[in-house]
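**Q** These protein sequence lines map, in sequence, to chains A and B.
If you read the first sequence in our numbering, its first letter stands for residue 6, the second for the next number, and so on.
If you read the second sequence in our numbering, its first letter stands for residue 44, the second for the next number, and so on.
Every residue, glycine too, gets a C-beta built ideally from N, C-alpha and C.
Only a predicted model underlies this, so the values are computations on that prediction, with no experimental measurement involved.
Encoded as structure tokens, here's the structure I'll be asking about.
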Amino acid sequence: DVKVTQSSRYLVKRTGEKVFLECVQDMDHENMFWYRQDPGLGLRLIYFSYDVKMKEKGDIPEGYSVSREKKERFSLILESASTNQTSMYLCASSLNPQGQETQYFGPGTRLLVL
Amino acid sequence: GQNIDQPTEMTATEGAIVQINCTYQTSGFNGLFWYQQHAGEAPTFLSYNVLDGLEEKGRFSSFLSRSKGYSYLLLKELQMKDSASYLCAVRDPAGNNRKLIWGLGTSLAVNP
Numbered sequence: 006d007v008k009v010t011q012s013s014r015y016l017v018k019r020t021g022e023k024v025f026l027e028c029v030q031d032m033d034h035e036n037m038f039w040y041r042q043d044p045g046l047g048l049r050l051i052y053f054s055y056d057v058k059m060k061e062k063g064d065i066p067e068g069y070s071v072s073r074e075k076k077e078r079f080s081l082i083l084e085s086a087s088t089n090q091t092s093m094y095l096c097a098s099s100l101n102p103q104g105q106e107t108q109y110f111g112p113g114t115r116l117l118v119l
Numbered sequence: 044g045q046n047i048d049q050p051t052e053m054t055a056t057e058g059a060i061v062q063i064n065c066t067y068q069t070s071g072f073n074g075l076f077w078y079q080q081h082a083g084e085a086p087t088f089l090s091y092n093v094l095d096g097l098e099e100k101g102r103f104s105s106f107l108s109r110s111k112g113y114s115y116l117l118l119k120e121l122q123m124k125d126s127a128s129y130l131c132a133v134r135d136p137a138g139n140n141r142k143l144i145w146g147l148g149t150s151l152a153v154n155p
């Protein structure tokens, strides 16, 4: 079974802090994704990566950066946390698309910025 | 633009059948997915359709009509544990289909 893990289930940070969210997958997947999910707004893609050191902006990259130094690990960085970044953050990974290969999600990190 | 529409909320009774619809408008088509998401948890994969017709998986079935840009998820013999949000997603033709375009989800409440 695919396993995607995230470093924290719950996190509380102060405005202006630098926040690191880490995601690790154990299935040698090429693609990794960071989403945030908010009520009424659904899943929104922040960034994704299709290879080590490669990244592409998603729909809402402002205020975030990412790092992928190793294939299995994809980090999301909030450079200076703000209250509007309070959200559920979901990491996902996938193989390159063929057949029903799809995205597998980690358990999520619920971030509260005070 | 690219868009997916699904109803926001539905209610059904335990033991009944419910159909959740999804319509999509995309510049191309390379597969449609249904996910289930319980409150506070991550989405989990339910089904995949790329050809027209019905795919059956136990109590859950998913249908696709590519000419109509339409899919539905059919849940039979509803159980209380089926109360969840159901997300429809299609592969994004841009960027070599690596990304998914997501609907906002349909929140299903199953009542006793």
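1) Using a Cβ-Cβ cut-off of 6 Å (strictly less than) and excluding sequence neighbours within five positions of A/Cys48, which residues of its own chain qualify?
2) Going straight from the alpha carbon of A/Ser85 to that of A/Ser72, what length do you get?
3) Quick check: the Cα distance between A/Asp33 and A/Arg78, rounded to an integer number of angstroms?
4) Express the C-alpha separation of A/Leu119 and B/Gln122 in angstroms, rounding to a whole number.
5) Please return the same chain residues whose Cβ sits closer than 6 Å to the Cβ of A/Gly113, not counting the five positions on each side in sequence.
6) What separation, rounded to the nearest whole angstrom, lies between the Cα atoms of B/Gly148 and B/Cys131?
7) For A/Val57, tell me which candidate among A/Ile65, A/Glu35, A/Leu116 has the shortest Cα-Cα distance.
8) Taking the continuous beta strand (DSSP E) assigned at B/Asn139, which residues delimit it?
9) Return the Cβ separation of A/Ile82 and A/Lys23 in integer angstroms, given the expectation that the two are a contact with Cβ distance under 8 Å.
10) Tell me the DSSP bridge mates of A/Met59?
11) What would DSSP say about A/Asn36, mapped onto helix, strand or coil?
12) With 16 other CB atoms within 10 Å as the buried threshold, where does A/Gly111 fall?
13) Using the beta-carbon of each residue, which ones in chain A are nearer than 7 Å to B/Gly148?
**A** Well, looking at it:
1) The count along the first sequence starts at 1 and reaches residue 48 of chain A at position 43. Residue 48 of chain A is actually Leu in this sequence, not Cys. Tyr40, Gln42, listed in sequence order.
2) On the first sequence, position 80 is the one that residue 85 of chain A refers to. On the first sequence, position 67 is the one that residue 72 of chain A refers to. Computed Cα separation, rounded: 16 Å.
3) Counted from its first residue, the first sequence places residue 33 of chain A at position 28. Counted from its first residue, the first sequence places residue 78 of chain A at position 73. Whole-angstrom Cα-Cα distance: 10 Å.
4) Within the second sequence, residue 122 of chain B is the residue found at index 79, counting from 1. Within the first sequence, residue 119 of chain A is the residue found at index 114, counting from 1. Using only the alpha carbons, I get a separation of about 39 Å.
5) Position 108 of the first sequence, counted from the first residue, corresponds to residue 113 of chain A. Same-chain partners within the cutoff: Met93, Leu95.
6) Within the second sequence, the letter at position 105 stands for residue 148 of chain B. Within the second sequence, the letter at position 88 stands for residue 131 of chain B. So the two alpha carbons sit approximately 7 Å from each other.
7) The count along the first sequence starts at 1 and reaches residue 57 of chain A at position 52. If we check each option's Cα against that of A/Val57, A/Glu35 comes out closest.
8) Within the second sequence, the letter at position 96 stands for residue 139 of chain B. Run containing B/Asn139: none; DSSP gives neither H nor E here.
9) Mapped onto the first sequence, residue 82 of chain A falls at position 77. Mapped onto the first sequence, residue 23 of chain A falls at position 18. Yes, A/Ile82 and A/Lys23 are in contact; Cβ-Cβ is about 7 Å, under 8 Å.
10) As a first step, residue 59 of chain A is located in the first sequence; it is residue number 54 there, counting from the start. Bridge partners of A/Met59: A/Asp56.
11) By 1-based counting over the first sequence, the position of residue 36 of chain A is 31. Correct three-state label for A/Asn36: strand.
12) Counting from 1 along the first sequence, the entry for residue 111 of chain A is found at position 106. Buried, by the Cβ-count rule.
13) Stepping through the second sequence from its first residue, residue 148 of chain B is reached at position 105. Per Cβ cutoff of 7 Å: Gly47.
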